[in-house]
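Structure record follows, encoded as structure tokens.
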Amino acid sequence: MHTSFHIPTRGQGLYEFTDQVAVWVRGSGLLTLFIRHTSASLLVQENADPEVQTDLRAFFARLVPPTTDPSMRYLTHTYEGPDDMPAHIKAAMMPVSLSIPVIAGRMALGTWQGIYLFEHRDAPQSREVVGHLALSPAKERS
Amino acid sequence: MHTSFHIPTRGQGLYEFTDQVAVWVRGSGLLTLFIRHTSASLLVQENADPEVQTDLRAFFARLVPPTTDPSMRYLTHTYEGPDDMPAHIKAAMMPVSLSIPVIAGRMALGTWQGIYLFEHRDAPQSREVVGHLALSPAKERS
Amino acid sequence: MHTSFHIPTRGQGLYEFTDQVAVWVRGSGLLTLFIRHTSASLLVQENADPEVQTDLRAFFARLVPPTTDPSMRYLTHTYEGPDDMPAHIKAAMMPVSLSIPVIAGRMALGTWQGIYLFEHRDAPQSREVVGHLALSPAKERS
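Here is the structure:
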């Protein structure tokens, strides 16, 4: 079975949507998440301390600065804005899909793991993540 | 069911093979792609403007330069050529596997998403990507 | 069916556990590995030359140095140690999940591919990787 999760974003940063996914999954099997965009990513990251999310955003903003930065002058795809090509680069470095086992109705996340959409664009966006759940046949649930 | 996609490459860069995959998938379920190499990657990226592909190649070539570059002298695995260890590093930073839901015979790709092999070696290669399609049981296709 | 692989680590670096996984898989279908931590990663990498593993560790240690490094002073999440926030950053850049087709009892790994846990913390850890195997129905094994 499949669904779509819709995540509105308001600028670069991490947006958690663990709860939306948690209420949708059931049974035992495999959950797959797939983001239908090339300028945002999916992440499983620590959800205990919000500073981790701030720091992740800060690190990648320095590793891949806007195309207006002198160090990025070699880039050519600039007509969609200074944040666009860096967004594609970050989307290449971080997951477009995630696979998470589901056991007895719960995702097998670790204690501190949450599911995030990492928005790489500055302008507000409406992002779509496709969820797919493949339930295990009863006989395989060992 | 599974298959192999064969992608010939002629130097570093992105090679789209969306169409090869599109004609193979059917039904509804989950598509998995797995690349059987450690010096090339799989990417889902924008297929609208070829400059995006050129810029992706340029960015990663600067982030991970050849081992002949003075900044990379600390690397030790150099006997397979100056492009080999950087290829392994890029292969660690970008996907070895992709999971894409399939709905009614079509991959759930976004409007601008294409599937690429990102070749990290300079010499021509013949790359193999294993495709696996797990069809959903009819009763789960909700 | 699912299981847990337990991998003890003693500092940053790559720890191969291909053999543990190989003896667990069977039949034909799809293997998923998911790491339940946000400061370590999963990698499929070359297992022929151990220098590749040393170089991977060295590259990422320079790309994301400890928070005691002057270049990293902008990071705020530092109270869990100078290796903690860099560990989260590396965990964002490398896979949290891997999907590997299984054909006739064997993972579809390439000749030189091994499965690794990449530990990003300095102190010894006990890491858990969840394995999930979805067997294909007999009729689909074409």
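Residue numbers (our numbering), protein chains in the order written: chain A, 1 to 142; chain B, 143 to 284; chain C, 285 to 426. Ideal Cβ placement from N, Cα and C applies to all residues, glycine included. As the structure is a computational prediction, the values presented were derived from the model and not from experiment.
- In this structure, LEU172/B keeps its C-beta atom at 8 Å or more from the C-beta atom of PRO237/B.
- Residues of chain C with a Cβ closer than 9 Å to the Cβ of TYR216/B are, in chain order, ASP339, ALA342, PHE343, ARG346.
- In the pairwise beta carbon analysis, the segment 317-328 of chain C is classified as touching the segment 401-414 of chain C: at least three pairs are separated by under 8 Å.
- Shown here, SER97/A sits in a strand according to DSSP, grouped into three states.
- DSSP places SER312/C in the coil class of the three-state scheme, outside both helix and strand.
- The straight-line gap separating the alpha-carbon atoms of GLY394/C and GLU158/B is approximately 21 Å.
- Proximity of GLN296/C to chain B, defined by a Cβ-Cβ separation below 8 Å, is not satisfied.
- Around the beta-carbon of ALA392/C, 16 or more other beta-carbon atoms lie within 10 Å, marking it buried.
- DSSP assignment within the segment 340-419 of chain C yields the following whole beta strand (DSSP E) runs of 3 residues or more, N-terminal first: 381-387, 397-403, 409-419.
- Scanning chain A for C-beta atoms nearer than 9 Å to the C-beta of TRP166/B yields nothing, as the closest lies near 18 Å away.
- Here the segment 79-93 of chain A makes no contact with the segment 49-57 of chain A; the two share fewer than three CB pairs at distances below 8 Å.
- Residue pairing for ALA40/A: DSSP places it in a beta bridge opposite GLU119/A.
- With contacts defined by Cβ atoms closer than 8 Å, THR151/B and GLY273/B do not form a contacting pair.
- Within 7 Å of the CB of ILE384/C, the CB atoms of chain B belong to PHE176, SER239, in sequence order along the chain.
- Judged by DSSP secondary structure, PHE5/A falls within the beta strand (DSSP E) whose first and last residues are 2-9.
- Judged by their CB atoms, ARG405/C and ALA376/C are not nearer to each other than the 8 Å cut-off.
- DSSP lists TYR116/A as the beta-bridge partner residues of GLU16/A.
- Under DSSP, GLU46/A shares a beta bridge with GLN113/A.
- In this structure GLY256/B is buried. Its beta-carbon is surrounded by 16 or more other beta-carbon atoms within 10 angstroms.
- Within its own chain, the residues whose Cβ lies closer than 6 Å to the Cβ of SER278/B, once the five positions on either side in sequence are excluded, are SER170, GLY171, listed in chain order.
- The beta carbon of THR32/A lies closer than 6 Å to those of SER99, HIS132 in the same chain, with the five residues before and after it left out.
- Any Cβ of chain A closer than 8 Å to the Cβ of LEU172/B would place that residue at the interface, and such an atom is present.
- Taking the CA atoms as reference points, PRO65/A sits about 12 Å from GLN12/A.
- When 7 Å is used as the limit between beta carbons, MET107/A is near no residue of chain B, the shortest such separation being about 15 Å.
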